[in-house]
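Numbering (my numbering), first residue to last: 135 to 344. C-beta atoms are modelled at their ideal positions from N, C-alpha and C, and glycine is treated no differently. Owing to the predicted nature of the structure, the values given are computational and were not obtained by experimental measurement. Let me begin by presenting the structure, written as structure tokens, before commenting on it.
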Amino acid sequence: MTPKAVFWDMDGTLVDSEPLHEAALIAAMRNAGLTPPADLHERVLGVAAWPVYEMMRDEFGLQLPFDEWIVHKYEHYLPLVEGLKPRPGAIEIFKELRALGVQQAVVSNSDRMIVDANLHMVGLTYPGMKTISRNDVREGKPHAEPFLRAAYLADVDPAHAVAVDDSWPGAMAGLAAGMKTIFWPEKPMEGPPGAIVINSAGELRAQLGL
Numbered sequence: 135m136t137p138k139a140v141f142w143d144m145d146g147t148l149v150d151s152e153p154l155h156e157a158a159l160i161a162a163m164r165n166a167g168l169t170p171p172a173d174l175h176e177r178v179l180g181v182a183a184w185p186v187y188e189m190m191r192d193e194f195g196l197q198l199p200f201d202e203w204i205v206h207k208y209e210h211y212l213p214l215v216e217g218l219k220p221r222p223g224a225i226e227i228f229k230e231l232r233a234l235g236v237q238q239a240v241v242s243n244s245d246r247m248i249v250d251a252n253l254h255m256v257g258l259t260y261p262g263m264k265t266i267s268r269n270d271v272r273e274g275k276p277h278a279e280p281f282l283r284a285a286y287l288a289d290v291d292p293a294h295a296v297a298v299d300d301s302w303p304g305a306m307a308g309l310a311a312g313m314k315t316i317f318w319p320e321k322p323m324e325g326p327p328g329a330i331v332i333n334s335a336g337e338l339r340a341q342l343g344l
């Protein structure tokens, strides 16, 4: 059965932007005189900008204030958006659900500027589209607030909604919000207890009753 609402993570779920974020972060770190660790990707996947900054400051000795640091990071990221591609199959499913009248929203741990730039680049914009950025909530993922805000905006009981995310923090946020949570990682791995783990757009379609 098709759910009443589907709430999508953006980076890594709808669009293949995680490599761009990693490249921008590595460039910003090197420009600040820091050496990126080998496990940087795993450590920052799905994590909002402020906790990443705290890690840079506390573990790597970053001296810049947050506002200056994030400007540097986005100066590296935004030129890369021209090469952004959608995650295969994801936007097609989004559009099919929209045609069926299913409520949807994009729920991201990225800042508003990044959400708008990414969605514009892959052509996923329309009047009345609901998007929640890190700037729109007090607590980002893994807290429930971003997904609960999506449910509020869509006027849907969280229990009747599905959260789709590629990261552990995102999947934990969906579970905390009381939603059926689909964990669709970039490569096969175990998900948080309670999440439904899939590894293809075909499996996602089946879980959504399409």
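Rounded C-beta distance between residue i and residue j? I'm assuming under 8 Å.
{"i": "LEU253", "j": "PHE228", "result": "Contact flag wrong, Cβ pair sits at about 10 Å."}
{"i": "ALA139", "j": "VAL236", "result": "7 Å"}
{"i": "MET247", "j": "TYR208", "result": "7 Å"}
{"i": "VAL256", "j": "LEU218", "result": "6 Å"}
{"i": "PHE141", "j": "ALA239", "result": "5 Å"}
{"i": "HIS206", "j": "ASN165", "result": "6 Å"}
What residues in its chain sit with their C-beta under 7 Å from that of residue i, if we drop five residues either side in the sequence?
{"i": "ALA224", "result": "THR147, LEU148, ALA335"}
Let me know the secondary structure DSSP gives residue i once reduced to three states.
{"i": "LYS219", "result": "coil"}
{"i": "ILE266", "result": "strand"}
{"i": "ASP192", "result": "helix"}
{"i": "ALA158", "result": "helix"}
{"i": "VAL140", "result": "strand"}
{"i": "ILE330", "result": "strand"}
{"i": "VAL149", "result": "strand"}
{"i": "ALA278", "result": "coil"}
{"i": "LEU214", "result": "helix"}
{"i": "VAL229", "result": "Reading off the sequence shown, one finds Lys at residue 229, where the question assumed Val. Helix."}
{"i": "LEU168", "result": "coil"}
{"i": "VAL186", "result": "helix"}
Taking the beta strand (DSSP E) that residue i falls in, what are its first and last residues?
{"i": "LYS314", "result": "314-317"}
{"i": "VAL240", "result": "237-241"}
{"i": "VAL205", "result": "VAL205 -> not in any beta strand (DSSP E); alpha helix (DSSP H) instead, spanning 200-211."}
{"i": "ALA295", "result": "295-299"}
Using C-beta distances below 8 Å, list every residue in its chain close to residue i, excluding the 5 sequence neighbours before and after it, in chain order.
{"i": "LEU344", "result": "THR136, ILE227, GLU230, LEU231"}
From what residue to what residue does the alpha helix (DSSP H) around residue i run?
{"i": "VAL178", "result": "174-178"}
{"i": "ALA251", "result": "246-255"}
{"i": "PRO303", "result": "302-310"}
{"i": "ARG272", "result": "Premise fails: ARG272 is in no alpha helix (DSSP H) and is neither H nor E."}
{"i": "GLN341", "result": "335-341"}
Going by beta carbon distance, what residues of the same chain come within less than 6 Å of residue i, once the five residues before and after it are set aside?
{"i": "VAL215", "result": "ALA251, MET255"}
Check your understanding: Counting pairs of beta carbons, one from the region 177-194 and one from the region 239-255, are three or more of them closer than 8 Å?
Key -> Yes, the region 177-194 is in contact with the region 239-255.
Check your understanding: On the three-pair Cβ rule with 8 Å, is the region 148-155 touching the region 265-284?
Key -> Too few Cβ pairs lie closer than 8 Å, so no.
Review point. Are there three or more Cβ pairs, one per stretch, closer than 8 Å when the region 289-309 is compared with the region 162-175?
Key: Output reads no: the region 162-175 does not touch the region 289-309.
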